[in-house]
Amino acid sequence: MSILLSLRGITKVYGVGTTARTALKGVDLDIQKGEILGLLGVNGAGKTTLASIIATLNPPTSGTITLNSASIYDDVPAYRKIIGFCPQKPNVNPQLTIKQNLLFAGRFYGISAEETESRVAQLMKRFELETYAENYIDQLSGGYKQRFLIARALIHKPQLILFDEPTVALDPHVRHEVWDLLKELRSQGVTIVLTTHYLDEAEALSDRVCILDEGVIRLIDTPANLKSEHGKARLEDVFIKLINEKND
Amino acid sequence: MTTFLSYLPTLGHLLYADFLTFKHLFKDKIVDFFIYASLTTVVMSHFVQGVGISANFGLFTAATGVAVSGMFEIFPRVMTLLSDLEGNKVISYDTTLPIPTWMSLTRIGLSDGLRNLLVGSLSLPFGLLFVWNEFNIANFNPTWFIVLLILNSLFFGFFGMFLASFVKNMSKVGSMWMRVIFPLWTLGGFQFTWLSLYLKSPFFSYLALLNPFLYTMEGMRAAILGQPGSLPLWVCATALASFTILCGWLAVQNIMKRLDCV
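Sequences listed follow chains A and B, in order.
Note that our numbering has the first sequence beginning at 1, numbered continuously upward.
Note that our numbering has the second sequence beginning at 1, numbered continuously upward.
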């Protein structure tokens with residue numbers, strides 16, 4: 001696999017002076033083309049911060065991110081065209097219908113009206129949103145909100161998609177539907193960064209997992225390697241072992 | 001490298017999406033403004049003469065009302081923007097779109113300005129409805145009226161965004177009207193001209209030149225009622241354009257800082 005995105009020395013400090021809090025402490029990470037990279041960690045470990053930085057929502061305090069050897073900050077709009085971001089909270093215009101939101105999403109990315117129409121039709125069919133086309137986001141259940149967010153993130157066929165806790169508060173069957181979708185995207189060659197609390201999810205989906213702790217990468221490897229290296233049957237046990245080691 | 005022109009279609013679609021959102025509210029805004037314009041004009045032109053105020057004051061008030069039509073949108077827009085900044089952060093989606101972040105944020109003020117323009121374009125007939133007999137069309141300058149209407153609308157759009165960027169949280173919004181907007185409105189010549197203030201107190205009249213609301217009202221009155229007695233139109237237009245750019249720039253900087261944007 002070749003490297004799509006390279007992060008070097010990513011540091012993020014929130015606040016100043018006595019209130020300053022370092023969320024990331026010199027993170028080095030290569031994201032490989034076509035992989036699902038699971039970002040794991042307890043609350044406050046830095047995974048959402050890292051995903052937000054990769055999505056260009058927030059800048060790092062220091063460090064570089066390169067795409068094809070060029071800094072993404074040299075041309076942020078061009079970089080944003082190749083990424084999709086599926087946030088935890090539905091940041092959707094509540095006064096436009098589901099279909100209108102999707103149509104605008106396509107147009108925001110410079111896709112022609114005809115292509116957007118056909119893409120929206122495909123995505124609405126794929127995510128079973130057709131029935132809710134004229135509904136507003138507040139009228140959808142949690143599962144359908146998530147489907148909508150995923151559809152919107154895919155509208156411009158991004159090369160890299162960041163999913164921030166995509167299955168939080170979803171019913172088990174909807175969770176599994178989201179899993180199937182992520183696998184389908186991977187099979188199409190899309191690179192995925194997945195932040196999650198659920199270790200079973202990370203184990204089932206990720207080609208590699210990256211365990212963050214207090215802003216530092218503790219481990220990064222395939223789930224199989226991590227399990228064999230630590231002599232555990234499940235990724236969850238590896239994670240618990242790490243936490244216990246830290247507490248000791 | 002992506003060029004500036006290539007961002008314009010995205011900006012245009014963002015503005016169009018805002019327009020569709022506003023379409024639902026348009027009727028209500030028109031009714032609201034009609035109530036304001038008609039009541040103030042009727043009271044100022046017909047009811048207050050008994051306490052010694054000239055009947056011409058109705059026309060004066062109508063012209064002033066046209067000037068500040070966008071002002072009444074500041075409060076709801078600040079509430080909307082602030083509740084978003086504190087809530088679901090729909091704004092954060094805009095900041096991941098393939099245009100520079102400053103541009104997607106600038107469009108908030110621009111969009112609010114265009115909303116003000118839509119409502120404001122109906123403000124003249126509403127305002128003059130009850131004082132039509134006193135209106136002298138020979139004094140009316142349509143070109144300057146359009147220029148001032150656009151500048152006033154944009155100014156109030158960006159001023160609202162500027163205030164929203166400074167207000168810390170929803171609990172502080174209540175004070176904003178009384179502490180910021182009301183003083184600027186009252187001291188900006190809602191019921192007097194700059195010249196009348198100058199004749200009374202040159203010091204306070206020079207101080208009033210720092211108030212951007214002064215130029216919205218002086219300029220619009222000059223365009224509707226005629227130049228004599230008002231600040232020169234070009235001064236009002238220049239000052240308004242400058243205040244708009246300043247408010248827009250500060251608002252974008254503040255929101256970028258607040259959201260910690262790239």
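The beta-carbon is built from N, C-alpha and C at its ideal position, and this holds for glycine as well.
Residue environment analysis places residue 29(B) among the buried positions, since at least 16 neighbouring C-beta atoms fall within 10 angstroms of its C-beta. For residue 70(A), the beta-bridge partners assigned by DSSP are 67(A).
DSSP places residue 239(B) within a helical segment (H, G or I) once states are collapsed to three. As computed with DSSP, residue 36(A) is found in a beta bridge with 192(A).
For the 8 Å CB-CB criterion, residue 76(A) and residue 56(A) form a contact. Its chain contains 205 as the residues whose beta carbon lies nearer than 6 Å to that of residue 198(B), once the 5 sequence neighbours on both sides are disregarded; these appear in chain order. Straight through space, the alpha carbons of residue 149(A) and residue 29(A) are spaced by roughly 26 Å. Note that the region 208-226 of chain B touches the region 235-252 of chain B; at least 3 beta-carbon pairs, one per stretch, sit closer than 8 Å. For the region 80-114 of chain B, the set of residues with a beta-carbon nearer than 8 Å to any beta-carbon of chain A comprises 88, 89, 90, 91, 92, 93, 95, 96, 97, 98, 99, 100 and 101, in chain order. Considering only beta carbons, the part of the region 105-137 of chain A lying closer than 8 Å to chain B consists of 107, 108, 109 and 110, in chain order. Among the residues of chain B, those whose CB is under 8 Å from the CB of residue 76(A) are 100, 101 and 262, following chain order.
Of the residues assessed, residue 13(B) falls on the buried side of the cut-off, its CB having 16 or more other CB atoms within 10 angstroms. In the displayed model, residue 77(B) falls within a helix according to three-state DSSP.
Not one beta carbon of chain A lies nearer than 8 Å to the beta carbon of residue 76(B). By the CB criterion at 8 Å, residue 234(B) and residue 71(B) fall outside the cutoff.
In the DSSP assignment, residue 41(B) falls outside any beta strand (DSSP E) and within the unbroken alpha helix (DSSP H) covering 4-42. Assignment of residue 85(A) by DSSP, reduced to helix, strand and coil, places it in the strand class. 239(A) is the residue among 193(A), 217(A) and 239(A) whose C-alpha sits nearest the C-alpha of residue 223(A).
At a cut-off of 8 Å, the C-beta of residue 210(B) has no neighbouring C-beta in chain A. With respect to the 8 Å criterion, residue 155(A) and residue 208(A) are not classified as neighbours on the basis of their beta carbons. Residue burial annotation: residue 161(B) is buried, with at least 16 other C-beta atoms found within 10 angstroms of its C-beta. One thing to note: residue 78(B) has its Cβ within 8 Å of the Cβ of residue 176(B).
The contact set of residue 232(B) on chain A, defined by CB atoms closer than 7 Å, is empty, because the minimum CB distance reaches about 42 Å. In its chain, beyond the 5 residues on either side, no residue has a beta carbon closer than 6 Å to the beta carbon of residue 46(B). Secondary structure at residue 109(A): coil, using DSSP grouped into helix, strand and coil.
Cβ-Cβ distances below 6 Å link residue 83(A) to 158 and 160 in the same chain, with the five nearest sequence neighbours on each side left out; the list follows chain order. The region 102-189 of chain A contains, as complete beta strand (DSSP E) runs of 3+ residues, the segments 160-164 (chain order). Residue environment for residue 246(A): exposed (fewer than 16 other C-beta atoms within 10 angstroms of its C-beta).
Under the three-state reduction of DSSP, residue 12(A) is assigned to strand.
Three or more Cβ pairs closer than 8 Å define a contact, and the region 148-156 of chain B meets that threshold against the region 55-70 of chain B. Taken atom to atom, the span from the alpha-carbon of residue 224(B) to that of residue 140(B) is near 5 Å.
Counting only runs of at least 3 residues, the region 202-236 of chain A fully encloses the following beta strand (DSSP E) elements, listed from N- to C-terminal order: 208-213 and 216-221. When secondary structure is reduced to three states using DSSP, residue 224(B) falls in the helix class.
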